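First to last, the sequence lines map onto chains Z and R. For the first sequence, our numbering gives the first residue as 635, with consecutive numbering after it. For the second sequence, our numbering gives the first residue as 8, with consecutive numbering after it. Beta carbons are placed, not taken as given, at the ideal position from N, Cα and C, and that holds for glycine. Keep in mind that this is a model prediction, so the values were computed, not measured.
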Amino acid sequence: MTQPEARFGRMAAVQAHPLAELMQCPPGAAGLLNGAAQCICVDAGETVFRQSAVCRGLYVVVSGQFLRRTERLDTRLTLGLARAGDLLELAAVLGDGTHTYTLIAQTTGSVLILPLQALNQAFEVYPPLRMRLLEELAREVSRSYDASCQNRIPKARRRSSDGRAAQGGGSASADLSASLT
Amino acid sequence: MASFHPHHPPEDCINCEHRHLRVFCNLTPEALRDYDGIGIMMSHARGAKLFSEGDAARNVFVICYGQVKISSTSRDGKTMILKIAGPGDVMGLSAVLANVPHEVTAEAIEPCQVKTVRKQEFVDFLGRHGIASMHAAQSLSGEYLTVFHDAKRLALSGSAAGRLARLLLDWGHAAANGKPEIRFTMALTHEEIANMAGTSRETVTRLLNQFRRDQWITIKGSSMTIAKPEQLERLTA
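In structure tokens:
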């Protein structure tokens, strides 16, 4: 098998699994999660959560389109889009509990939050749920390894304080797409 | 990339005095007894490959001491160093749990001791102990953040000096483990550091010499001490 074929096969194997399959639980755990779930509606341009802030729980995009963005001082990096059905911040929920990036609504939309406390209770009631989310995180890590290698040195451009792309920039958008999805 | 060379490497997990410093191995007594009974402890010489990109993921590897270079190949065939794994790091976890071949290559850059656990044995162990699956989740989350920060470091640091400074600080802080002195073993060549910092070998050599002249760092053999971390921090801004 050639290297591109091998990579294609690996990428197919690490595709995100459907949400319904991941979150399938017996009534006890499902009741806990359903009872605690909160829905947030947002307008275009609104920030859902910010990088480095404490993560409230697992986010599920219900409708609309969202932008995942990371920033440092005056430079921003767009990591990719989040659409309906996407599960967000697994690494934060299962790991150190802080957001790894900022999520901004690109269109009017809504997200569902499964609070951390309810998730932890559900893990105790139904341990396979944690294992399933762990496997999903493993697939996400696997995808990010691949994306990281394909986009090893993206050309970063800086924004001046008034928001215009600084010298060296060319296109209208000052973001760069690293597609670290 | 904390480099740690104990005079007496731990013979088993129960008697390992460094366990409490590590994310995965810091288990409850019951889980620890179980963990001690699975897998085997293996010593690897410098240069030994623990696994290669594309290999079937049959084992999970937990580094007890030593450093391991994690690299991958780009579409154009270039080898890129993603991170230097150190004691307590779990390797091969994402491939094992996602049930895919290894995404990366792991090569010892100094003599190291690694606990090697068969895939099914490891998955069963996680199933038996909630604390172990929690720690595995934290390790995996750490792995995700490493890849994420690597991309961020390259994309968001404006200058080569800033990227190199960030790299040195990351390694130094990992090795210092809260101690005031920031010292670590530099097991990579300038070429390899350049690869990680997204710059050329010549630039790395020039910048390290400059940092040394400015007395921000001191280098003795393969040991590097960061004397003025605040100056390096300023470069990364």
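Pairwise C-alpha distance: residue j and residue i
i	j	result
Ala772 of chain Z	Val648 of chain Z	8 Å
Ala181 of chain R	Ala718 of chain Z	38 Å
Ala143 of chain R	Phe31 of chain R	6 Å
Ala234 of chain R	Thr153 of chain R	25 Å
Gly149 of chain R	Gly729 of chain Z	7 Å
Cys119 of chain R	Glu680 of chain Z	49 Å
Asp720 of chain Z	Arg213 of chain R	46 Å
Arg792 of chain Z	Ala139 of chain R	Its pLDDT being 40, under 50, Arg792 of chain Z is placed unreliably in this model, and the value from its coordinates should be taken loosely. Distance between the alpha carbons of Arg792 of chain Z and Ala139 of chain R: 43 Å.
Ser10 of chain R	Val75 of chain R	Because Ser10 of chain R carries a pLDDT of 45, less than 50, the predicted location of this residue cannot be relied on, and the following value inherits that uncertainty. Roughly 10 Å separates the two Cα atoms.
Ser79 of chain R	Pro762 of chain Z	32 Å
Ala781 of chain Z	Ala650 of chain Z	14 Å
Ala752 of chain Z	Leu768 of chain Z	17 Å
Arg208 of chain R	Ser81 of chain R	19 Å
Asp43 of chain R	Arg125 of chain R	13 Å
Asn754 of chain Z	Thr734 of chain Z	20 Å
Best match in the options for proximity to residue i [C-alpha to C-alpha]
i	options	result
Glu723 of chain Z	R:Leu171, R:Tyr151, R:Glu198	R:Tyr151
Ala64 of chain R	R:Tyr42, R:Asp43, R:Gly99, R:Cys119	R:Gly99
Leu174 of chain R	R:Asp157, R:Lys227, R:Gln217, R:Gly137	R:Asp157
Asn668 of chain Z	Z:Val688, Z:Leu692, Z:Met645	Z:Leu692
Leu247 of chain R	R:Arg190, R:Asp62, R:Gly137	Because chain R spans 8 through 244 in this model, residue 247 of chain R falls outside it and cannot be assessed.
Lys85 of chain R	R:Glu198, R:Ala105, R:Gln217, R:Cys20	R:Glu198
Gly766 of chain Z	Z:Met645, Z:Ala646, Z:Leu653, Z:Gly643	Note on identity: in this sequence residue 766 of chain Z is Arg, with Gly being the wrong assignment. Nearest of Z:Met645, Z:Ala646, Z:Leu653, Z:Gly643 to Arg766 of chain Z, Cα basis: Z:Leu653.
Arg644 of chain Z	R:Ser101, R:Asp19, R:Val211, R:Ser146	R:Ser101
Thr732 of chain Z	R:Ala105, R:Arg190, R:Gly95, R:Gln145	R:Gln145
Environment of residue i [buried if 16+ CB atoms lie within 10 Å]
i	result
Ala756 of chain Z	buried
Arg221 of chain R	According to the sequence shown, residue 221 of chain R is Asp rather than Arg. The residue in question, Asp221 of chain R, is exposed, as its Cβ has fewer than 16 Cβ neighbours within 10 Å.
Thr225 of chain R	exposed
Arg241 of chain R	exposed
Thr135 of chain R	Inspection of the sequence shows that residue 135 of chain R is occupied by Arg rather than by Thr. Its Cβ having fewer than 16 others within 10 Å, Arg135 of chain R is exposed.
Val688 of chain Z	exposed
Gly93 of chain R	buried
Arg90 of chain R	Correcting the residue type first, residue 90 of chain R is Lys in the shown sequence and not Arg. With 16 or more other Cβ atoms within 10 Å, it is buried.
Glu237 of chain R	exposed
Ile200 of chain R	buried
Ala646 of chain Z	exposed
Ile70 of chain R	buried
Cys23 of chain R	buried
Asn66 of chain R	buried
Arg29 of chain R	buried
Arg53 of chain R	exposed
Pair within 7 Å by beta-carbon distance, residue i and residue j
i	j	result
Ser776 of chain Z	Val103 of chain R	no
Gln685 of chain Z	Thr712 of chain Z	no
Val682 of chain Z	Val727 of chain Z	no
Thr741 of chain Z	Ala678 of chain Z	yes
Ser739 of chain Z	Val676 of chain Z	Residue 739 of chain Z is actually Ala in this sequence, not Ser. It is a contact, given that the beta carbons lie within the stated cut-off.
Thr112 of chain R	Gly46 of chain R	no
Thr192 of chain R	Ser230 of chain R	yes
Met203 of chain R	Ile77 of chain R	no
Phe68 of chain R	Val130 of chain R	no
Leu176 of chain R	Leu239 of chain R	yes
Ala55 of chain R	Ala115 of chain R	yes
Glu774 of chain Z	Leu656 of chain Z	no
Tyr760 of chain Z	Pro661 of chain Z	no
Interface residues of the region 142-154 of chain R facing chain Z [CB-CB below 7 Å]: Ala143, Ala144, Gln145, Leu147, Ser148, Gly149, Glu150, Tyr151, Leu152, Val154
Residues of the region 78-111 of chain R with Cβ closer than 9 Å to any Cβ of chain Z, in chain order: Ser79, Thr80, Ser81, Arg82, Gly84, Lys85, Met87, Leu89, Leu100, Ser101, Ala102, Val103, Leu104, Ala105, Asn106, Val107, Pro108, Glu110, Val111
Residues of the region 768-783 of chain Z with Cβ closer than 7 Å to any Cβ of chain R, in chain order: Leu768, Glu769, Leu771, Ala772, Arg773, Glu774, Val775, Ser776, Ser778, Tyr779, Asp780, Ser782, Cys783
Selection of the region 117-142 of chain R by Cβ proximity to chain Z, strictly under 9 Å: Val130, Leu133, Gly134, Gly137, Ser140, Met141
Cβ-based contacts, 9 Å cut-off: residues of the region 660-672 of chain Z near chain R: none
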